[in-house]
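Going down the list, the sequences are from chains W and D.
If you use the numbering used here, the first sequence corresponds to residues 43 to 263, in order.
If you use the numbering used here, the second sequence corresponds to residues 133 to 577, in order.
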Amino acid sequence: MNARITFAVALFFSCVLSAAAVEYVHPKLKEHEVSVKVAAVLPAHVDIEQHGVKGVSGMGQASDDAGRQVTFEVGKALSNRGITIENSFPEETLKSNEDLRLAMADVQQRFDQTERQLFRKEKDVKNGRFSLGDSVTVLNPTGKIDVFIIVRSVGAKETKSKAFMTGGLIGMAMSGEAEFRTRVAIVDAKNGDILFIGDFVSKGLPSDKVYEHSFKKIPFQ
Amino acid sequence: MKVYRLFALLVIMCLPARCSPAVEKGENFVFGKADLEFLRDVELLDQRYEREGMVYHDEALNAYLTRIGMSMLPAGTAPEHVKWVFKIIRDPMANAFALPNGSIYVTTGLLSLLDSEDQLASVLAHEITHVTDRHSYLGNRDYRKKSTLISIAQFAGRMAPGNTDWGASIQLAALMVPAIMDFSIMGYRRELERDADMYAFNKIIEGNYDPREMPNTFRLLEQRDEAEPPPKGAVYSDHPKLEDRISYINAEIASKAPSLVPVSLLAERRARYQNLTESIVREDIRVSIMVGRPRTALARASKLLQFHPDSADNLYFQAEAYRGLGPWTPHPTDTEMSRSGLRQVESLSSKFTLDEEEKVLLKKPEGQATWSENKAKAQEGYEKALAVNPNHAKAYLGLGRIYELDGKKEEALMAYQKYLDLNPNGQESFSVTQRIAALKRSIEQ
């Protein structure tokens with residue numbers, strides 16, 4: 043009986059909690075200098091690759107679908123924490139509104155620009171080191187959004203044959219789902235400061251529960 | 133033992149030759165399952181560029197690009213699974229690329245760098261060859277074949293017992309195969325690039341464009357506006373070296389001696405090009421500043437002003453470029469461009485954000501002096517833009533920022549207010565309102 047309980051607990055932790063890796067919170071958020079009531083999730087950028095015997099190939103459709111799923115799951119996790127999600131960037135609106143699409147691309151590009159230093163030393167978010175600058179306000183013309191959520195995720199999936207060649211039968215048995223590294227940044231929509239970074243490694247895309255668990259460190263209200 | 137190792141070495145040296153695909157001309161290309169999967173991914177990539185706001189739309193410029201692109205196509209119908217589309221992508225790096233489904237992308241950076249229609253025609257003709265001759269598919273097939281060999285070699289290396297001579301030889305070979313294959317993949321791609329250059333050379337002559345503009349394009353690509361290392365050398369690059377490209381195209385010009393294009397026609401095409409690309413160059417300047425390439429922005433802005441010196445927009449963008457420069461000099465210094473300087477630039481940019489680098493430079497006297505000069509030039513540019521167009525809202529915004537940096541709070545407040553009056557619903561209105569509020573608070577204190 044005890045062995046069964048231990049196994050079940052271990053399985054629970056490996057499935058749900060092992061996905062969360064690190065989170066760093068900006069002092070402004072910790073000390074309630076910034077109040078977060080309304081958030082807008084920018085379309086997540088997800089790239090999944092398949093590693094096979096014949097090399098690495100992109101998984102375009104899976105990446106696009108995962109991008110939509112991640113955007114939704116992050117929004118759901120924030121909703122569960124009592125944050126209002128402003129659906130400012132639905133795909134259809136972005137498709138028809140070129141100005142908004144270009145402004146969105148600019149903000150995403152600003153993030154990618156900072157990514158190199160940010161991902162190199164994520165813990166510096168605790169010292170308030172990173173900012174995208176107040177140019178992010180182009181996506182917040184009325185000022186009603188408190189934070190933007192920017193997500194980047196990269197996934198790699200090994201084919202069965204590649205897994206066999208690299209890890210033998212054990213490798214093959216463990217292959218199947220893609221492994222993801224997902225980073226979620228919360229950005230002040232009024233001045234571009236990066237207020238939070240969460241960094242997860244997970245088997246399969248993280249669910250809203252994983253995001254919610256990591257957001258627990260943030261005193262939102 | 134030595135014999136085994138020699139044998140293993142011989143085998144791996146011969147692998148690239150064994151797995152180089154036979155040249156398949158575009159029209160004989162037969163689609164396999166992997167090619168169709170590749171095509172599907174490429175089409176999704178096309179959609180992704182559009183969805184993520186990377187594609188720039190300008191009706192007149194798109195029509196111009198399409199007209200020149202279409203004139204560079206080979207005679208006959210489009211190859212199977214190809215639909216020709218010519219697009220502009222917002223990226224300050226000078227580049228062009230073709231997707232195998234016929235989408236040809238030219239970056240804003242390249243359009244801003246080029247000087248004439250003839251140069252653009254040579255770029256488009258080059259990219260078209262990649263599509264018609266199915267270079268992406270061939271490259272992908274080549275990569276898949278060589279990757280399979282790498283996987284097999286690595287598997288064999290893993291399985292081979294290291295305590296025997298033959299096992300050690302296999303392990304040695306397995307270690308070397310990936311590097312050799314990578315060189316071989318790059319080498320194959322360089323061959324395809326050369327083919328594309330040759331097609332472009334012949335096609336632009338047919339289209340009555342000046343082939344001498346082709347080496348001129350390569351020379352422009354050699355320009356370094358930023359302190360950054362040049363692209364990787366020919367050994368580990370998928371393109372031939374630029375000097376090699378210049379030399380083999382010049383050799384073709386010497387041997388074929390194509391007739392000269394009249395100077396008046398060249399000038400007419402050049403003027404048309406500059407006229408139609410003016411708005412895209414401005415967009416490129418804006419993006420260049422945003423991604424931390426202010427020197428490139430300044431170089432493009434100066435070129436714009438040479439073409440159209442009385443434009444308030446052009447004056448404004450040059451001022452923006454000067455403001456974006458901050459404490460950096462307008463051109464890279466010799467120290468920055470030296471080998472150690474470039475290494476230092478690369479190391480700093482990986483460790484520090486642009487804002488942090490700027491703060492470090494501003495602590496030095498030379499950084500402060502350069503910033504004073506750039507700031508003065510920026511202010512002068514905004515004022516000139518306002519002299520041409522007194523209702524240029526963004527020039528007021530720029531002036532406001534300069535005044536604010538100089539601690540001239542009242543002047544900054546007035547300039548920001550003027551911006552808001554002229555452009556109450558602009559994208560920056562919210563941040564300007566915030567700045568005004570902060571300035572008022574600061575003045576009251």
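Note that the Cβ used here is the ideal one computed from N, Cα and C, for glycine as well.
What you are looking at is a predicted structure, and each value in this text was computed from that prediction instead of being measured.
**OP:** Out of D:A292, D:Q251, D:S254 and D:L231, point me to the one whose CA is closest to L270 (chain D)'s CA.
**Re:** D:L231
**OP:** Indicate whether A510 (chain D) and I534 (chain D) have their beta-carbon atoms separated by less than 9 Å.
**Re:** yes
Original post:
Helix, strand or coil: how does DSSP classify V76 (chain W) here?
Top reply: coil
Original post:
For the alpha helix (DSSP H) that contains K516 (chain D), what are its first and last residues?
Top reply: P497 to V520
Subject >> Rounded distance between the beta-carbons of N272 (chain D) and F170 (chain D), thought under 8 Å >> reply: 5 Å
Subject >> Cutoff 8 Å; reference G241 (chain D); Cβ partners in own chain excluding five residues on either side >> reply: D223, P224, M225, A226, N227, D416, S420 and T428
**OP:** Kindly list, in the order they appear in chain D, the residues whose Cβ is closer than 9 Å to that of Q155 (chain W).
**Re:** M422, V423, G424, T485 and L486
Original post:
Taking 9 Å as the CB-CB cut-off, is L213 (chain D) touching chain W?
Top reply: Residue identity check: residue 213 (chain D) is His in the sequence provided, not Leu. Not an interface residue.
Original post:
Leaving out five residues before and five after R414 (chain D) in sequence, what residues of the same chain have Cβ atoms less than 8 Å from its Cβ?
Top reply: L436, D445, N446 and F449
**OP:** Enumerate in chain order the residues of its own chain whose CB-to-CB distance from V367 (chain D) is below 7 Å, with the five nearest sequence positions on each side excluded.
**Re:** Interpretation of V367 (chain D) is limited by its pLDDT of 46, a score under 50 that renders its predicted location unreliable; no figure is taken from the coordinates.
Original post:
Within this structure, are the beta carbons of N557 (chain D) and P183 (chain W) separated by less than 9 Å?
Top reply: yes
**OP:** Using the Cα positions of G218 (chain W) and N139 (chain W), report the straight-line distance between them to the nearest angstrom.
**Re:** 39 Å
Subject >> T261 (chain D) (DSSP reduced to helix, strand or coil) >> reply: helix
Original post:
DSSP beta-bridge partners for K199 (chain W)?
Top reply: W:Q92
Subject >> DSSP state of S244 (chain W) mapped onto helix, strand, coil >> reply: strand
**OP:** Just grab the DSSP bridge partners of T465 (chain D) for me.
**Re:** Looking at the DSSP assignment, T465 (chain D) forms no beta bridge with any residue, so it has no partner.
Original post:
Is the distance from the Cβ of P310 (chain D) to the Cβ of A285 (chain D) below 9 Å?
Top reply: yes
Subject >> Residues bridged to G100 (chain W) [DSSP beta-bridge criterion] >> reply: W:E91
Original post:
E221 (chain W) bridges to which residues according to DSSP?
Top reply: W:A198 and W:K245
**OP:** Select from the segment 131–158 of chain W all residues with a C-beta closer than 9 Å to any C-beta belonging to chain D, and list them in chain order.
**Re:** E133, L136, K137, E140, D141, L142, R143, L144, A145, M146, A147, D148, Q150, Q151, R152, D154, Q155, T156 and R158
Original post:
Can you give, in chain order, each stretch of the beta strand (DSSP E) that sits fully within the segment 196–236 of chain D and has at least 3 residues?
Top reply: 217–221 and 228–230
**OP:** Taking all protein chains shown into account, decide if T349 (chain D) is buried (16 or more other Cβ within 10 angstroms of its Cβ) or exposed.
**Re:** buried
**OP:** Would you kindly work out how many angstroms separate the C-alpha atoms of A578 (chain D) and L529 (chain D), rounded to a whole number?
**Re:** A query on residue 578 (chain D) cannot be resolved here, the shown segment of chain D reaching from 133 to 577 and no further.
Original post:
Under a Cβ-count criterion, where at least 16 other Cβ atoms within 10 Å of its own Cβ denotes burial, should A154 (chain D) be classed as buried or exposed?
Top reply: In this predicted model, A154 (chain D) has a pLDDT of only 48, less than 50, meaning its place in the structure is not dependable; the value taken from the coordinates is given anyway. Flag for A154 (chain D) reads exposed.
Original post:
Can you pull the DSSP bridge partners for Y341 (chain D)?
Top reply: According to DSSP, Y341 (chain D) bridges with nothing at all.
Original post:
Nearest chain W C-beta to A525 (chain D) closer than 9 Å, yes or no?
Top reply: no
**OP:** State yes or no: is the C-beta of I412 (chain D) within less than 9 Å of the C-beta of I200 (chain D)?
**Re:** no
Subject >> Residue-chain proximity (G102 (chain W), chain D), Cβ-Cβ < 9 Å >> reply: yes
Original post:
Bridge partners of S173 (chain W), per DSSP?
Top reply: W:D235
Original post:
Would you say L193 (chain W) and T126 (chain W) are within 9 Å of each other, going by their C-beta atoms?
Top reply: Looking at the sequence itself, residue 193 (chain W) is Val, so the reference to Leu does not match. Going by C-beta atoms, V193 (chain W) is not nearer than 9 Å to T126 (chain W).
Original post:
When DSSP builds the beta bridges, which residues end up paired with F190 (chain W)?
Top reply: W:A82 and W:V229
Subject >> Residues of the segment 99–127 of chain W whose Cβ lies closer than 7 Å to any Cβ of chain D, in chain order >> reply: G100, G102, Q103 and D106
**OP:** If I'm right that T84 (chain W) touches M146 (chain W) with Cβ under 8 Å, what's the distance once you round it to whole angstroms?
**Re:** According to the sequence as given, residue 84 (chain W) is Leu; it is not Thr. Rounded, the Cβ-Cβ distance is 7 Å, consistent with contact.
Subject >> Beta-carbon neighbours of F190 (chain W), restricted to chain D and to distances below 7 Å >> reply: Per Cβ cutoff of 7 Å: no residues; F190 (chain W) is ~14 Å from chain D at best.
Original post:
Can you tell me whether K495 (chain D) is buried or exposed, with buried defined as 16 or more other CB within 10 angstroms of its CB?
Top reply: exposed
**OP:** Measure the CB-CB distance between R377 (chain D) and P347 (chain D) and report whether it falls below 9 Å.
**Re:** yes
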